[in-house]
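Residue numbers (our numbering): -13 to 836. Here a beta-carbon is modelled for each residue, glycine too, at the ideal position from N, C-alpha and C.
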Amino acid sequence: TLWQMGTDHAGIATQMVVERQLTASGETRTGLGRDAFIERVWKWKEESGGTIAKQLRRMGSSVDWSRERFTMDPGLSNAVREVFVQLFEEGLIYRGKRLVNWDPKLHTAISDLEVVSEEENGKLWHFRYPLTDGSGHLVVATTRPETMLGDSAVAVHPEDERYRHLIGQTVQLPLTGRTIPVIADDYVDPEFGSGCVKITPAHDFNDYEVGQRHDLPLINIFTIDAAINDGAPEPYRGMDRYEARELIVHDLDALGLVEKIEDHKLKVPRGDRSHVVVEPFLTDQWYVHTAPLAENASRAVENGDIEFVPKNWENTYFAWMRDIQDWCISRQLWWGHRIPAWYDAEGQVYVGRDETEVREKHGLPADLVLRQDEDVLDTWFSSALWTFSTLGWPEETPELARFHPTTVLVTGFDIIFFWVARMIMMTLHFRKQVPFRQVYVHGLVRDAEGQKMSKSKGNVLDPLDLIDGISLDDLLAKRTSNMMQPQLAKKIEKSTRKHFPEGIAPYGTDALRFTFYSLASTGRDIKFDMGRMEGYRNFCNKLWNAARFVLMNVEGQDCGIESAYELGLPERWILTRLQDAEEAVAEGIRTYRFDLASRALYEFIWHEYCDWYLELSKPLLNDALAADALKTGTRRTLVRVLETVLRLAHPFLPFITEEIWHAVKPFVGKEGATIMLEHYPLADEGKRDPAAAADVEWVRRIIIAARNIRGEMDISMARKIPLLLRSGSEEDRRRSRENESFLCSLARLDSIRWLEPDEEPPVSASQPVEGLELMVPMAGLIDRDAEIARLEKQQAKLDKNIAGVRGKLGNERFVENAPAEVVATERERLAELELHLGRIQLQLEKIRSL
RNA sequence: GGGUGAAUAGCUCAGUUGGUAGAGCGCCGCCCUUACAAGGCGGAUGUCGGGGGUUCAAAUCCCUCUUCACCCACCA
């Protein structure tokens, strides 16, 4: 098995962090120069890049550290170049001047996926554009007044009666002195605004399309900072886009050309890293032609070669693949894989693995000056190659042969498009193999209020702080330092103080892991709950204490490794239940239901092994007269079930299980160096004993009933009570006879006695258990009124249940249509309920008459 | 505009093919019973978002509405 560990170089985010550091120390990226800057980034990466690895280590992830990879490693970089060159040669990568999403702060293009649109309050400006023939004006509506400087037409719908006569005419574009045509295009929605749309092909994706159709000029009015450029009319040159907006509205108003201004909600596109409004901007960029790749990628999921878990994510995947757009892969950054393309003085482009190859391939003279493309590739381009680039591709390495295709990718749904989809496309293309068979999509961890964790919101929880604990002061400092928006510090401080008034206590890795497993149900987001984690921390303690008990009892004792032993009833029962637990855990793991698997462990360890088996073992171990073989069998079972359960829980609780295992292993005759190399437990039918299991279930019911009387009557555990039994079957008698010591010990009884058939019982508190009646004589123990209250409560409950069952059975259609089995069960149930009710009523009468 | 998911105990969440609603935390009693008080024992707590429908039977299947979250999309 290989669990591949590694990290990507997070191009934009990383470059931003380092640039911010430079700013803080009064330096600039451009001042430093490309090589020196990249050196700085590597330095930063060395210092901080270990954080993820450290967190993974502390969380006990058993990855293959020897094969850790980084997307900027030489090997992976080589794979990136290889893929780029091959795709280019196949015509699947091309360069073109297109509108891209331009980030005016970072000065780079970003892909569609990196743009996040959110609804914001804005305005809709209605401007009058005078008709050239002097016959009046038409009105255009816009949310971006400043772009009017780049208008090259006004469009109306071809069928729109109101404007049909204007088609082909021209309007005077205010403030610019230009004359632009009125065109007809289906794109216009006559219902919206005025029905006339200003067309700005260089600054709007739709308008670009319209412009293409009508052969309109592209008039770029922005600089790379989204300020007005020198091609625009003089008064606005150099102004920021929003300043220009104000002035343009003002100037149009002065000319009497503002018809009206309305409030308007609109989707504003922002860069997911910089959070500034991105501009559609005309630039040269590199693209991957994705349609042919997407086709195969869709098919691989359709035909089941790749399976998403949970399956409904496949629909999301298909939907995206269906409408996939070409992928803009060039970024105007320095941190990343530089595009392997060179230009000569004429701008002719040559693509190759390196400059030497390019010269050879194209027969370029040594003195011809070549200049490499300045841009780098989108980080996801290299991540898309992950499964095979990490295994040595393009070399056909033994690792590649052995581990590829891989088995499973574990990831969050937020990067299905960014990463999963692109891995599938690239891997199918270059390996003719799927990258992985299954994609396990888990939810995101959110904060206690359901907010997505983010550094800017200051609600991030570092797993290390949950493991080791952190003081409130340190947590506050951590959350409010290095902030991009320092004005939020107060707010963050307030909510941090609210949620963690005393900081965070140390919970340890195992508790943290178990919490995640338990909350990770069906790919849904996880609202992080400290209460749950506390509960699982206690669970770890429970396991620890149980181990102490076991060790205490087996140290220096015969545990039946080579000697004779005999298994008693509780032993055969717990072994049966252990098989059930093993089965449930295996099923949970197989189906990626780690919540069900962890629950099965929790239930078995706490509520069966600890609550019952350890307690049942005590009477025998403490019985000086008990047979040695039985005691040996008990010790053997105590320690073997514990050892098995440690192995069963080890993937969930790696640290505590390892630690305990070393203490326990000699008592089961093991000598392994680590629990990690032991066999994982598998359920074994042969180890089940249903009869023993049924007997112990009976014992448990009796004990619980007796405890109920004791608990409800506030009888101290220090005081032993006598138990009388009545009615019941031969089997009940056998069971009580064979298990007397367990009953007495666990229910704290001083005696158990069956009433003679005709014997009148003393006044007692009673509790029915199936056909059998438990009684605890009241004399000196039980308060009359309390017992009446207790019985009345039970009576009410029974009345309610009986009414329900009677209603059902009284319904002819139920009796006719329901499976005979179900009807029979209901009849039995009714009989039992009525029996219990009858007994309780009798008791009530009797006690009331006292 | 299209799509997905969610709504169950005070809180965080389970509930597999329809067949008596569960856990943890919290809450209420009692208890330091020599593994464990971060514990033990007992207990209370739900018109399963609303309304329809299918069915002998619905938290579960269908329709519809409400609320919330997320994803995708080019409406000036």
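Beta-bridge partners of residue 56 (DSSP): -7.
Closest option to residue 270, judged by alpha-carbon separation, among 249, 335, 525, 302: 335.
The segment -13 to -4 and the segment 50 to 60 touch, with no fewer than 3 CB-CB distances between them shorter than 8 Å. Burial state of residue 134 is buried, judged by a 10 Å Cβ sphere holding 16 or more other Cβ atoms.
With fewer than three CB-CB distances shorter than 8 Å, the segment 709 to 721 does not count as touching the segment 660 to 675.
In the DSSP secondary-structure assignment, residue 112 is bridged to 127, 246. Beta-bridge analysis with DSSP links residue 523 to no other residue. Here residue 213 is not near residue 231, since their CB atoms are 8 Å or more apart. Scanning the segment 418 to 451 for uninterrupted beta strand (DSSP E) segments of 3 residues or longer gives 422 to 428, listed from N- to C-terminal end. When the Cα atoms are used, residue 184 and residue 120 turn out to be separated by approximately 19 Å. Secondary structure note for residue 81: it is in no alpha helix (DSSP H), and the uninterrupted beta strand (DSSP E) holding it is 79 to 89.
Per DSSP, residue 184 is one residue of the beta strand (DSSP E) stretching across 182 to 185. Shown here, residue 379 sits in coil according to DSSP, grouped into three states, outside any helix or strand. For secondary structure counted as the alpha helix (DSSP H) over 4 or more consecutive residues, the segment 0 to 67 holds these complete runs in sequence order: 15 to 18, 20 to 34, 36 to 44. Annotated as proximal: residue 182 and residue 126, with beta-carbon spacing under 8 Å. Contact between residue 366 and residue 405 holds: CB atoms are separated by about 6 Å, below the 8 Å threshold. Looking at the backbone, the Cα of residue 811 and that of residue 430 are separated by about 44 Å.
Residue range 365 to 369 is occupied by the alpha helix (DSSP H) that includes residue 365. When the alpha-carbon of residue 809 is set against those of 533, 768, 793, the nearest one is in 793. Taking the C-beta atoms as reference points, residue 547 is found no nearer than 8 Å to residue 623. Going by DSSP, residue 294 is part of the beta strand (DSSP E) stretching over 293 to 295. Closest in C-alpha terms to residue 426, from the list 638, 800, 300, 136, comes 300.
Judged by DSSP secondary structure, residue 271 falls outside any alpha helix (DSSP H) and instead within the beta strand (DSSP E) spanning 265 to 274. Sixteen is the threshold: when 16 or more other Cβ atoms of the shown chains lie within 10 Å of the Cβ of residue 780, as they do, the residue is buried. Straight-line measurement puts the Cα of residue 603 at about 14 Å from the Cα of residue 615.
By the beta-carbon neighbour count (other beta carbons within 10 angstroms, threshold 16), residue 744 is exposed. Taking 8 Å as the cut-off, the Cβ atoms of residue 167 and residue 143 do not count as close. By the neighbour-count criterion, in which 16 or more other beta carbons inside 10 Å mark a residue as buried, residue 428 falls on the buried side. Less than 8 Å separates the beta-carbon of residue 699 from that of residue 751.
Counting the other Cβ atoms within 10 Å of the Cβ of residue 421 gives 16 or more, which makes it buried. Taking one beta carbon from each stretch, the segment 536 to 545 and the segment 617 to 635 have 3 or more pairs nearer than 8 Å; the two touch. Given a length threshold of 4 residues, each whole run of the alpha helix (DSSP H) inside the segment 486 to 519 is given here in chain order: 494 to 505.
For residue 758, no alpha helix (DSSP H) encloses it; the enclosing beta strand (DSSP E) starts and ends at 758 to 763. Boundaries cannot be given for residue 324, as no beta strand (DSSP E) includes it and DSSP labels it neither H nor E. At a Cβ-Cβ threshold of 8 Å, residue 822 and residue 784 count as neighbours. Between residue 85 and residue 173, the gap from beta carbon to beta carbon reaches 8 Å or more.
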